[in-house]
Amino acid sequence: MNSKRLSFEYDYPCETLDEKLVREFVEKKLTSEYGGIFTNYKMEFGSRDVLSESEGLSMLYYLYIKDEVGYRRHYVNVNIFLHKKWNIFMYKNCTMMMY
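Using the UniProt record's numbering, you'd call the opening residue of the sequence shown number 1 and step up by one each time.
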């Protein structure tokens, strides 16, 4: 991924205090050093699986609050660590452009 920036072509409000508290909890307690959000998908003690659904919701939320660093962290996690068939394809001419 090169250094081009995301283009945010919408106008949403900033996150509320409650949303910020939840985001900080998820970032500090449930997120790996690589950006994956842990889940107890398997019923095993210490299970730390990462689901694509959680990553997708995280990426949408970081777009909502216009946090490019947070978005890119999860974007890289999805494209490097999740199965290749779940890769995000990049298109020019989209609202969110990444080359």
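C-beta: ideal position from N, C-alpha, C; glycine also.
What residue does the alpha helix (DSSP H) around residue i start on, and which one ends it?
i: glycine 70; result: 68 to 81
i: valine 22; result: 17 to 25
i: glutamate 33; result: Glutamate 33 -> no alpha helix (DSSP H), and no H or E assigned at all.
i: leucine 57; result: 52 to 64
If residue i sits next to residue j, beta carbons under 8 Å apart, how far is it from one beta carbon to the other, in whole angstroms?
i: tyrosine 34; j: asparagine 77; result: 5 Å
i: histidine 74; j: serine 58; result: 5 Å
i: phenylalanine 25; j: serine 32; result: That pair is no contact at about 15 Å.
i: tyrosine 62; j: glycine 70; result: 4 Å
i: glutamate 15; j: isoleucine 65; result: 5 Å
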